[in-house]
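Below you'll find the structure, written out as structure tokens, and then a few comments.
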Amino acid sequence: MMFVQNKVKLAPWLILFFGIGILYFGLRQDAFLYQQPIVQVKQVKTFDINHATDAYLNHVQNYQQSVQVEFLNTHKQGQKIWVENNYDSSQGMDQQLQPRMQIFLRRQGDTWSFDNVKRDSTWIPILIMLIGLLVNLMGKAGRLTSVSLLLNSLLFIMAIGLNLRTGTHYLLVIFILFSLIVSALTLGFVMGLRNRQTWVIFLTVLTATCSAMLIAAIVFKLDHNQGLNFELLGFITQLPIPMFFAMTLVGVLGAVMDESTDMIATLFTLIKTNPKITAKELVLAGQHVGQEIFGALTNVLFLIFIASQIPMAILFLRNGNDIGYTYSMNMKLGMIQTLISAIGIVLTVPAGIMWVIIDHKYQDSIHKRRRN
0 MMFVQNKVKL APWLILFFGI GILYFGLRQD AFLYQQPIVQ VKQVKTFDIN HATDAYLNHV
60 QNYQQSVQVE FLNTHKQGQK IWVENNYDSS QGMDQQLQPR MQIFLRRQGD TWSFDNVKRD
120 STWIPILIML IGLLVNLMGK AGRLTSVSLL LNSLLFIMAI GLNLRTGTHY LLVIFILFSL
180 IVSALTLGFV MGLRNRQTWV IFLTVLTATC SAMLIAAIVF KLDHNQGLNF ELLGFITQLP
240 IPMFFAMTLV GVLGAVMDES TDMIATLFTL IKTNPKITAK ELVLAGQHVG QEIFGALTNV
300 LFLIFIASQI PMAILFLRNG NDIGYTYSMN MKLGMIQTLI SAIGIVLTVP AGIMWVIIDH
360 KYQDSIHKRR RN
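All residue numbers for the sequence shown refer to numbering that gives the first Met the number 0, where the first residue is 0 and numbers rise by one.
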């Protein structure tokens, strides 16, 4: 009997890893689905060209590769050619090629050159592994979480597509609607649409997020956006201020939802344990839970922001720029987004306590009516 139970528990893991193996093999053989030429690296000969040092003592070693590749698709399938590839030791703008790598080619006149590495056989199996771990370790909750992730991804693609069709002026409106729908769907899938706790969390998220964004908009308006270089947003192709607020809205939403879920789940557990708990006791409990969460969560957001800025900050500093200029050009707007998210995290505590107390009193009134 024990062997049968262990076999049942082992089956999902065997299916997962077997499926990942099949998927990896299939993605390595799917070149026929592409119109752009794809080649596989067969041989690589690497030569050291020179060693360069700039005025700021940045040392770079330049290399040249002579690469034999075999076409995997188009009418040239099976043919082999030699292609030159140049890269430097930093590999910031180029890449060292190795045997078995699959590469997209592009043709410039009579010569072939490398376009990009084909990476779907790496990241798609990793994505499937993540989903498989969620499903196998978390059961029903993992399945619902996976479905919500898929739906949120589709909604994001739809929001981008709608923005491309409607123009730049509706960007913020589109992402406000996107945030509302994503919040409701995520909470509904994970906790259930008929669960009172779901809607208390949703109202808390809505209140804290709107409050944080409103405070930011008022401060920017009163200060006339002084010191805010919205035009420095990377690769900006639309109106910068709506783009900044759309980016900030999504960031605040994620942080607030994380905190409100933990805090309100704890308060609902206290109410279930002690139905006669007073509003004062709920306030004290909510404050205590909030103090335990928002400090760590704010630091996590800050560290994520710092991690994303490390490459560009080092690049600026290594090229003779001072800290002030580096901060102004790369980190100022991100730091402001982090501060707005921190405001939302702090406001989540009073907003969550308020909605929990309102719900608790409403439920008490319903019970009293039923008794009478």
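Beta carbons are placed, not taken as given, at the ideal position from N, Cα and C, and that holds for glycine.
In this text, all values refer to a predicted model and were calculated from it rather than measured experimentally.
Is residue i helix, strand or coil by DSSP?
| i | result |
| --- | --- |
| N115 | strand |
| I200 | helix |
| K139 | helix |
| Q4 | Unreliable positioning characterises Q4 in this predicted model, as indicated by a pLDDT of 49, which lies under 50. A coordinate reading is not provided. |
| Q101 | strand |
| N298 | helix |
| A245 | helix |
| Y361 | helix |
| Q94 | coil |
| T277 | coil |
| N228 | coil |
| D87 | strand |
| L238 | coil |
| H168 | helix |
| H223 | coil |
| R193 | coil |
| D261 | helix |
| Q290 | helix |
| L32 | helix |
| N318 | coil |
| H366 | helix |
| L149 | helix |
Thinking just about the alpha-carbon of each residue, which of the options is nearest to the one in residue i?
| i | options | result |
| --- | --- | --- |
| L314 | S89, A158 and S152 | S89 |
| F31 | L132, K75, L227 and V218 | K75 |
| I263 | V199, I365, F301 and T297 | V199 |
| N224 | I335, W354, R27 and S364 | I335 |
| L22 | I303, A216, D114 and T121 | T121 |
| L129 | G91, F16 and H58 | F16 |
| D93 | N115, D109 and V82 | N115 |
| A216 | S182, T247 and L202 | T247 |
| F261 | P310, Q290 and V181 | According to the sequence provided, residue 261 is Asp. The question's Phe does not apply to it. Comparing Cα positions, the closest option is Q290. |
| H168 | P239, I322 and P11 | P239 |
| N228 | Y326, R118, L184 and G108 | Y326 |
| P124 | R27, I48, Y33 and T73 | R27 |
| I48 | N61, V38 and K367 | N61 |
| R106 | G294, I80 and G131 | I80 |
| Q39 | Q78, W12, K8 and L56 | Q78 |
What residues are listed by DSSP as bridge partners for residue i?
| i | result |
| --- | --- |
| N49 | N61 |
| T185 | DSSP output for T185 lists no bridge partner at all. |
| K79 | E69 |
| T337 | For T337, which the question treats as bridged, DSSP gives no partner whatsoever. |
| I380 | Examination of residue 380 is not possible in this model, given that the chain is present from 0 through 371 alone. |
| K44 | S65 |
| T110 | Q107 |
Buried or exposed: where does residue i fall if 16 or more other Cβ atoms within 10 Å of its Cβ makes it buried?
| i | result |
| --- | --- |
| D358 | buried |
| L281 | buried |
| S152 | exposed |
| Y86 | buried |
| M157 | exposed |
| P36 | buried |
| K275 | exposed |
| F46 | exposed |
| A211 | buried |
| I102 | buried |
| A10 | exposed |
| S182 | buried |
| I270 | buried |
| E83 | exposed |
| N162 | buried |
| M190 | buried |
| K220 | exposed |
| S259 | buried |
| A284 | buried |
In its own chain, which residues sit with a C-beta less than 6 Å from the C-beta of residue i, not counting the 5 before and 5 after it?
| i | result |
| --- | --- |
| K41 | Q67 and E69 |
| G25 | none |
| A207 | V255, G343, L346, T347 and A350 |
| R142 | V134 |
Can you name, in chain order, every residue of its own chain whose Cβ lies under 8 Å from the Cβ of residue i, other than the five neighbours on each side?
| i | result |
| --- | --- |
| Q286 | V348 and I352 |
| V43 | Q64, S65, V66, Q67, L96, Q97 and P98 |
| T144 | L133, M137, F188 and V189 |
| D372 | Residue 372 lies beyond the residue range present for the chain, which begins at 0 and ends at 371; the question has no answer from this structure. |
Tell me which residues share the same chain as residue i and place their Cβ nearer than 7 Å to its Cβ, disregarding the 5 neighbours each side in the sequence.
| i | result |
| --- | --- |
| L171 | P241, F244 and A245 |
| G250 | Q336 and S340 |
| N329 | Q308, M311, A312 and F315 |
| S178 | L248, V249 and L252 |
| L186 | T197, I200 and F201 |
| L154 | F177, I180 and V181 |
| T297 | A341 and I344 |
| I356 | A278 and L281 |
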